[in-house]
Structure formats: structure tokens, C-alpha cells
Amino acid sequence: GEDVEQSLFLSVREGDSSVINCTYTDSSSTYLYWYKQEPGAGLQLLTYIFSNMDMKQDQRLTVLLNKKDKHLSLRIADTQTGDSAIYFCAETDGSSNTGKLIFGQGTTLQVKP
Amino acid sequence: GAGVSQTPSNKVTEKGKYVELRCDPISGHTALYWYRQSLGQGPEFLIYFQGTGAADDSGLPNDRFFAVRPEGSVSTLKIQRTERGDSAVYLCASSLTRVGANVLTFGAGSRLTVL
């Protein structure tokens, strides 16, 4: 079945770039997503990328997609302490037409001042 | 409403009791999803509604779990004979359209603790 894998933890210094990586298994996924979850809050959509694209940039966020390797990454430039959160990668379930998302287990980003 | 609203935000119950969790989606959103998030894990899909009907309930773990959306808006997730393993945050999300990217807007969740 579908599976999404992420590394569990990343620590960076304020002002550095952060790169969060994700691998997925469903080659029929049409869109891939990045969500952010702050403590006690729901998931907030950060950005998404269509599977036919290689890269998408949105202000400080850059998404890279390697469809051949089924690898997705999220780069956050000039990381701030407010970026500390859990980041989830998600793929569309390509085997159904429900639009449901399959999530990874999340990467905790710690930003040190 | 402005966002997805979930009530209660916290629920503590005893093993064997019945629990209802409510989700009020964004007005006009026809698609509604329930997810369950255990500690340290990503959200796991439970059930999807398109309008009033449950179009995909493949994620419900067993027949103790049931969800309804009688008028195509508010949804209720019902858990019978709760077990300690049911303790988790239950997330609801809604979306407007599945044309293009399916942008799910999540509520803050209902934290269920079964003692």
C-alpha cells in the first residue's frame, strides 16, 4: 500500500536553511503536500506541488520533487524560531478518487536562536 | 464558518463508555474527512464523506467506530465501548473541490483520553 517516510528530527540555527526530506511510494499520486503543525494546533497547509513539476518556490519555501526516485524535499530559507514545528509530507492516494491524503510520521524541526 | 470547528477539544472518558466527537466544516465544503493522530505519528485516514454519504470508510479500525453526516454539513464521529488504544487526537478536515489540488483545511482536533 501507500507509504510516506520522513526523518524524525532536524535541528538548525536561526538564519540557516532547513531541508526536510520525504520519500513516498505511490507513483500515481497527482499532488504532494507539505503541512505544518504547531503544538496543540491542527495541520496548516504550507504548499503543494503537482507531480509533473520539479520545483516550486513560494517566498522562503522551496519544494523539490524527484519523481523518478519518489523523493520530495522542503527547503526553508532563513529559518526563524517561529518555524519550529512538526512538518508533514503527504501524498494523494492515487488508488482512489476520494482525494484523501496519506501522511508521513512528521519531522520535528527545532530552531535554535 | 471561518474555519473547521471541532468539539469537544478535550474528552476524558472511561473504558467501555460511548463517545461522540463533532466536526463543523467550512461552509460550502462538500468533502469532509476524519483522521486519527496518535502520539508521535502522522494523521491516519479514517473516513471520507462527499455530501451526506460515506464514500470511503476503509480507514475505520473496527465496527466500534461509526460516523454520520446527515445533512451534508456537520459530521459526528461515534465510538462505542471505548478502549485505551482509542486514545488519540481526532482530526477533521474539509475541502471545497477535488479539481486540481485537494486542499484540506483541518480543525484543531479533539483529544480523546480513555482511562
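Sequences listed follow chains A and B, in order.
Residue numbering for the first sequence is 1 to 113, as defined by our numbering.
Residue numbering for the second sequence is 1001 to 1115, as defined by our numbering.
Using N, Cα and C, we set each Cβ at its ideal position, and we do this for glycine too.
Every value quoted in this text rests on a predicted model; they were computed, and no experiment measured them.
Would you identify the three-state DSSP class for Arg1084 (chain B), choosing helix, strand or coil? If you number the second sequence from 1, residue 1084 (chain B) lands on position 84. Note: Arg1084 (chain B) maps to helix in three-state DSSP.
Report the residue from B:Leu1032, B:Arg1069, B:Lys1017, B:Phe1045 whose alpha carbon sits nearest the alpha carbon of Glu91 (chain A). Working through the first sequence from its first residue, we reach residue 91 (chain A) at position 91. Selected option, being the one with the closest Cα: B:Phe1045.
Does the CB of Ala77 (chain A) have a neighbour CB from chain B at under 8 Å? Taking the first sequence and counting its residues from 1, the one referred to as residue 77 (chain A) is at position 77. False, the Cβ-Cβ gap to chain B never drops below 8 Å.
Would DSSP call Gly1053 (chain B) helix, strand or coil? Stepping through the second sequence from its first residue, residue 1053 (chain B) is reached at position 53. Residue state, collapsed to three classes: strand.
From the DSSP secondary-structure annotation, give me the bridge partner or partners of Ser1005 (chain B). Within the second sequence, numbered from 1, the residue matching residue 1005 (chain B) stands at position 5. Ser1005 (chain B) pairs with B:Asp1024.
Collapsed DSSP secondary structure at Asp58 (chain A) in the structure displayed: On the first sequence, residue 58 (chain A) is found 58 positions in, with the first residue counted as 1. The answer is strand: DSSP assigns Asp58 (chain A) an E or B state.
Exposed or buried, Phe1049 (chain B), counting other C-beta atoms within 10 Å across all chains shown (16 or more means buried)? By 1-based counting over the second sequence, the position of residue 1049 (chain B) is 49. The residue is buried, with at least 16 neighbouring Cβ atoms inside 10 Å.
Which residue from B:Gly1042, B:Ser1038, B:Phe1066 puts its Cα closest to that of Arg1081 (chain B)? What you label residue 1081 (chain B) is simply residue 81 of the second sequence in a count that begins at 1. Of the listed residues, the one whose Cα sits closest to Arg1081 (chain B) is B:Phe1066.
Output the distance between the C-alpha atoms of Ser1009 (chain B) and Ile1079 (chain B), rounded to the nearest integer angstrom. Residue numbering aside, residue 1009 (chain B) sits at position 9 when the second sequence is read from its first letter. Residue numbering aside, residue 1079 (chain B) sits at position 79 when the second sequence is read from its first letter. C-alpha separation (whole angstroms): 16 Å.
So, under 8 Å CB-CB, Arg60 (chain A) and Ile76 (chain A) are touching, yes? Tell me the CB distance rounded to an integer number of Å. By one-based count along the first sequence, residue 60 (chain A) stands at place 60. By one-based count along the first sequence, residue 76 (chain A) stands at place 76. With 8 Å as the limit, Arg60 (chain A) and Ile76 (chain A) qualify as a contact, their Cβ atoms being about 6 Å apart.
What residue range is occupied by the uninterrupted beta strand (DSSP E) comprising Leu72 (chain A)? Translated into the one-based positions of the first sequence, residue 72 (chain A) becomes position 72. Unbroken beta strand (DSSP E) run through Leu72 (chain A): 71-76.
One or two residues paired with Arg13 (chain A) in a DSSP bridge: On the first sequence, position 13 is the one that residue 13 (chain A) refers to. Answer is A:Lys112.
Thr114 (chain A): buried (16+ other C-beta within 10 angstroms of its C-beta) or exposed? This structure cannot settle anything about residue 114 (chain A), because the visible part of chain A is limited to 1 through 113.
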